[in-house]
């Protein structure tokens, strides 16, 4: 009998859910059995704010396990991946993307506009913090860490100390917890992180049989949108603490399918907020992202990014879906 494929995953409930769903999809499509192998990452061992942990904290241990051949492939939240390619590894598939928007979970079923001035809102991403400040709602925004259940308890639990939290809708969907969402935030209010809601299925580049096998999971529209978003991020060379947002949508245009890409760079206090958009064909996804980043830089995005420090190319890192 063929041995089960070993799928490396973080041990959090969300990581296990998205890895389990990927394993089930692969088995359904190919008949190959898959076993989950838990890998503890540096990000899982630390309670420090995500943006202070450094690059690849949720990724490097999984990639080390791939290199050591203790796992055959890994599933990452795509927004956790540095933009630089990892030598010897290959993104074999980007499965169909979950809804990339952010979601609000608030006491009393409130929407964002219904939160009173001074309401305390928790989130783990500087991108969200910056955009909440930019809305001018006089909210008190505080950084938080922890898995999805931990964050939800801070609003819905018996010892709740927050009025609301903002999370990735995709994470709640994968955990079957969309019932707690009080508002799915319009991208006009809260533009998602590059690649939010998308997964990256990664294996060794020289494992050609597995590369071919995993390709059955690839969803071309999701890959194109994520490629555009991450090309914008890479071109901006934003540091891991810089609030950068991007959202690519595929739609039918006059000349066929096209990508509509929106990008933003926001100062942490929300006082400077640059937003632009650009369209093009899916085949030109990377070039669309690069061109939009160049336009943002022409408008002064580099001065906003400079407030938070400039990272080396390919070292961008954003918090996980949790």
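In UniProt numbering, the protein residues as written are 1 to 322.
Using N, Cα and C, we set each Cβ at its ideal position, and we do this for glycine too.
As the structure is a prediction and not an experimental result, all values here were calculated from the model.
Asked                                                                                                                                                           : Found
Going by beta-carbon coordinates alone, are residue 121 and residue 156 separated by less than 9 angstroms?                                                     : no
In terms of residues, what are the limits of the alpha helix (DSSP H) holding residue 216?                                                                      : Taken as a continuous stretch (DSSP letters only), residue 216 belongs to no alpha helix (DSSP H), as it is neither H nor E.
Could you check which residue in 11, 13, 71, 37 has the C-alpha nearest to that of residue 210?                                                                 : 71
How big is the Cα-Cα spacing for residue 221 and residue 231?                                                                                                   : 15 angstroms
Have a look at residue 263 and residue 228 and give me their C-alpha separation to the nearest angstrom.                                                        : 10 angstroms
For residue 190, does the count of other Cβ atoms within 10 angstroms reach 16, so buried, or fall short, so exposed?                                           : buried
Going by the DSSP bridge assignment, what does residue 36 pair with across the sheet?                                                                           : 7
Which class does residue 155 belong to by DSSP, given the choice of helix, strand or coil?                                                                      : helix
Is the separation between the beta-carbon of residue 234 and that of residue 176 shorter than 9 angstroms?                                                      : no
Three-state secondary structure (DSSP) at residue 180?                                                                                                          : helix
Which partner residues does residue 102 have in the DSSP bridge list?                                                                                           : 168
Measure the C-alpha to C-alpha separation of residue 224 and residue 250 and round it to an integer number of angstroms.                                        : 8 angstroms
Compare the C-alpha of residue 125 against each of 7, 133, 98 and name the closest.                                                                             : 133
Is residue 229 near the ligand ATP - that is, is its Cβ less than 8 angstroms away from at least one heavy atom of it?                                          : This structure does not include the ligand ATP; it has no bound ligands of any sort.
Relative to the alpha-carbon of residue 78, which residue among 277, 212, 192 has its alpha-carbon at the smallest distance?                                    : 192
Relative to the alpha-carbon of residue 19, which residue among 296, 85, 39, 30 has its alpha-carbon at the smallest distance?                                  : 39
Please return the same chain residues whose Cβ sits closer than 8 angstroms to the Cβ of residue 206, not counting the five positions on each side in sequence. : 88
In the structure shown, what three-state DSSP assignment does residue 327 receive?                                                                              : Residue coverage of the chain in this structure runs from 1 to 322, which leaves residue 327 outside it and unanswerable.
May I ask which residues mark the beginning and end of the alpha helix (DSSP H) holding residue 12?                                                             : Premise fails: residue 12 is in no alpha helix (DSSP H) and is neither H nor E.
Per DSSP, what kind of secondary structure is residue 110 in: helix, strand or coil?                                                                            : coil
With 16 other CB atoms within 10 Å as the buried threshold, where does residue 300 fall?                                                                        : exposed
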